[in-house]
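Engineer: Pasting a structure here, questions to come.
Residue numbers (the numbering used here), protein chains in the order written: chain A, 840 to 1265; chain B, 142 to 333.
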């Protein structure tokens, strides 16, 4: 029966039927074939699937990210990092990657990170004499860090689908995110060493920046730097739940943008709300129904079948993990991150847990793999965002992004095989 | 006429925007109340129910805006005419499914009404919450009929590929940061 459900589901997906309706078709299969289950039960499950408080973190984090994107926060962060590392070889590209890392701690989404950081840094890097395509490729890949560094929407989704604590997942994402950022910086520095840089222009610019004085720069970027402290600090001190932290991030963004940076006015809030709705509306019913679909699959014993399949065919943890990473990487290329997480994680988790892999570690692996998908052809959204920003064809950007993706990939394998990176902070 | 156009364009969107604003404000109020006074019983349940309405409104919204998540890579490879025909068939199947779900959501909601179940915190009758399923699937049926009509109307137009919709989505992200888009991306043959 489980097999039939999968077949119907996959065939529906192949015919470009929306993921939600593909799940409905899959869930109705047992009813059609041998009369088990009921449509009313399905409706009740999709209702109760949305009737939870943690799920509210998704729209709220998305709204917070949308508000932050407008705030000119990425420019202030970049200036702050450029102050320290600007004069070193490859310093400015590293400052861009650092900005992405830190921006990821403000926004929970990859494309939003690419758009916010890239809109300001790509023209700047080009002005400093760096190759435009290379700069765009770098931002496209580094944008993926946005979903690994907490707060992160994919982690919230994984937590919803599996019941693993959102707070633990957020903590677990910190070191892997930094490690991936480091690997990308190593490549960026090597590239700059080989190609050479326009040292004089850079020096001129950095001196100009430094003449402002550290205090002034710190004052300008203070509110941006404080944002992750407020959100993550709130969660880990136990003052607020992740959902409430998401709500606070919305009001913090409003406070900073309206009163401090004055980047927009109260009248302009409605378009931001519309934008947030547009971003999460496609996810809403996928989330609600993934839970109902998961129950149907569990009744059909799908998780047990997969567990047996893995236990019988793979001898070691390393081969299981490698297989899972490869599947997720391929999946990330054609499917959106959200649905992939909420559909697959409940099916796969029992199997990987039975071979002794920590559920938190598994979540980190999944999110890292799928976030590379944002920067890989054919449909990596980050590539298209960077392409739009720099007025280049996305596939040209992809070419220059490849070395960064390899660097990301190496870090990913380290994170996968050494659980220490994900689990040490817990 | 203007009213009809407004309903067609942004009925679901307006409700979803309002619900999002309410959820945000009510949750913030709860945080303040808990910190300075004591925790209130109703805000959490209230926000959850607002979200449930959002979820069911999102069905019609995604059909209308054409932004439902799907895996389009295989269909992109087919010739345009064949794609259009398959699209009409799959849309018709979905119309049937939505109609079935609509019918059963009425039956289910009626059942809940008879039981007289009320919500734990706000003491509101549960059938009012379950009306979200009826209205949500109902709107989905209407939007699906609209969609199929426009399928026939635009039968001779080129179908939108996953590539084009990804470009649109990327432009949306860029516009959100307040940056002007330099030029529309031109997809040059051979890039894929």
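Virtual Cβ for every residue (Gly too), placed ideally from N, Cα, C.
Apart from the five residues just before and just after residue 236 (chain B), which ones in its own chain have a Cβ nearer than 8 Å to its Cβ?
Structural biologist: 282, 285, 286, 289
Engineer: When you check each C-beta in the segment 890 to 909 of chain A against every C-beta of chain B, which residues fall closer than 8 Å?
Structural biologist: 890, 891, 892, 894, 895, 898, 899, 902, 905, 908, 909
Engineer: Return no unless some Cβ of chain B is closer than 7 Å to the Cβ of residue 1173 (chain A).
Structural biologist: yes
Engineer: Using a Cβ cut-off of 7 Å (strictly closer), state whether residue 236 (chain B) contacts chain E.
Structural biologist: Among the protein chains in the structure shown, which are A and B, there is no chain E.
Engineer: Hey, could you find the ends of the alpha helix (DSSP H) residue 1134 (chain A) is sitting in?
Structural biologist: 1108 to 1138
Engineer: Using 8 Å as the threshold, is the segment 947 to 956 of chain A in touch with the segment 981 to 994 of chain A, meaning 3 or more CB pairs across them?
Structural biologist: yes
Engineer: Quick check for students: name the residue ranges of the alpha helix (DSSP H) that lie wholly in the segment 1010 to 1051 of chain A, counting only runs of 4 or more.
Structural biologist: 1038 to 1050
Engineer: Would a check of beta-carbon distances place residue 268 (chain B) closer than 7 Å to chain A?
Structural biologist: no
Engineer: Count the other CB atoms, across all protein chains shown, that sit within 10 Å of the CB of residue 1221 (chain A); report buried if there are 16 or more and exposed otherwise.
Structural biologist: buried
Engineer: Does the structure place the segment 962 to 971 of chain A close enough to the segment 1035 to 1046 of chain A that three or more beta carbon pairs sit under 8 Å?
Structural biologist: yes
Engineer: Going by C-alpha distance, which of A:937, A:957, A:975 is nearest residue 1233 (chain A)?
Structural biologist: A:975
Engineer: With DSSP as the reference, identify every bridge partner of residue 184 (chain B), one or two as the case may be.
Structural biologist: None; residue 184 (chain B) has no bridge partner.
Engineer: Kindly confirm or deny that the segment 1095 to 1105 of chain A and the segment 840 to 850 of chain A touch, where touching means at least three C-beta pairs closer than 8 Å.
Structural biologist: At 8 Å Cβ cutoff, the stretches do not touch.
Engineer: For the alpha helix (DSSP H) containing residue 1074 (chain A), name the first residue and the last one.
Structural biologist: 1053 to 1075
Engineer: If distances are taken between C-alpha atoms only, which option among A:934, A:1169, A:892, A:1017 comes closest to residue 1247 (chain A)?
Structural biologist: A:1017
Engineer: Excluding five sequence neighbours on each side, which residues of the same chain lie with their C-beta closer than 6 Å to the C-beta of residue 912 (chain A)?
Structural biologist: These residues qualify, in order along the chain: 1063.
Engineer: From residue 1042 (chain A) to residue 1048 (chain A), what does the alpha carbon distance come to, in whole angstroms?
Structural biologist: 10 Å
Engineer: For residue 914 (chain A), report the span of its alpha helix (DSSP H) as first-last.
Structural biologist: That run of the alpha helix (DSSP H) goes 912 to 924.
Engineer: How long is the line joining the alpha carbons of residue 254 (chain B) and residue 159 (chain B), rounded to whole angstroms?
Structural biologist: 27 Å
Engineer: Give the residues of chain A in contact with residue 212 (chain B), contact being defined as C-beta atoms less than 8 Å apart.
Structural biologist: Those within 8 Å of residue 212 (chain B) in chain A are 852, 853, 855, 858, 1173, 1174.
Engineer: Figure out for me which residue from B:296, B:174, B:280, B:248 has the closest Cα to the Cα of residue 229 (chain B).
Structural biologist: B:296
Engineer: Find out if the Cβ-Cβ distance for the pair residue 1265 (chain A), residue 991 (chain A) is shorter than 7 Å.
Structural biologist: no
Engineer: Using 7 Å as the limit for Cβ to Cβ distance, is residue 879 (chain A) near chain B?
Structural biologist: yes
Engineer: Cβ closer than 7 Å: which chain B residues qualify as neighbours of residue 882 (chain A)?
Structural biologist: 242, 245, 246, 249, 274
Engineer: Below 7 Å between beta carbons: does that hold for residue 231 (chain B) and residue 1145 (chain A)?
Structural biologist: no
Engineer: Report back the beta-carbon spacing between residue 1215 (chain A) and residue 1172 (chain A) to the nearest angstrom; my notes put them in contact at under 8 Å.
Structural biologist: 5 Å
Engineer: Among A:1197, A:1136, A:1217, A:1068, which has the Cα closest to the Cα of residue 1183 (chain A)?
Structural biologist: Taking residue 1183 (chain A) as reference, the option from A:1197, A:1136, A:1217, A:1068 with the minimal CA-CA separation is A:1136.
Engineer: What in chain B is Cβ-close to residue 991 (chain A), meaning under 7 Å?
Structural biologist: Ordered by position in chain B, no residue passes the 7 Å Cβ test against residue 991 (chain A), which lies about 17 Å from the chain.
Engineer: Relative to the C-alpha of residue 869 (chain A), which candidate in A:1140, A:946, A:964 has its C-alpha closest?
Structural biologist: A:1140
Engineer: When you compare the CB of residue 144 (chain B) with every CB in chain A, is at least one pair closer than 7 Å?
Structural biologist: Judged by the 7 Å Cβ criterion, residue 144 (chain B) is not in contact with chain A.
Engineer: Residue 259 (chain B) bridges to which residues according to DSSP?
Structural biologist: According to DSSP, which records beta bridges pairwise, residue 259 (chain B) is partnered with B:266.
Engineer: Is the Cβ of residue 1178 (chain A) closer than 7 Å to any Cβ of chain B?
Structural biologist: yes
Engineer: Identify the contact partners of residue 863 (chain A) in chain B, using a Cβ-Cβ distance below 7 Å as the criterion.
Structural biologist: Within chain B, the residues near residue 863 (chain A) are 238.
Engineer: To which residues of the same chain is residue 1167 (chain A) closer than 7 Å at the C-beta, ignoring the five residues directly before and after it?
Structural biologist: 1205, 1208, 1209
Engineer: Assign residue 194 (chain B) to buried or exposed, taking buried as 16 or more other Cβ atoms, counted over all protein chains shown, within 10 Å of its Cβ.
Structural biologist: Buried: at least 16 other Cβ atoms inside 10 Å.
Engineer: Since residue 894 (chain A) and residue 192 (chain B) should fall inside the 8 Å C-beta cutoff, what is the C-beta to C-beta distance between them, to a whole number of angstroms?
Structural biologist: Between residue 192 (chain B) and residue 894 (chain A) the Cβ distance is about 7 Å, and since that is below 8 Å, they are a contact.
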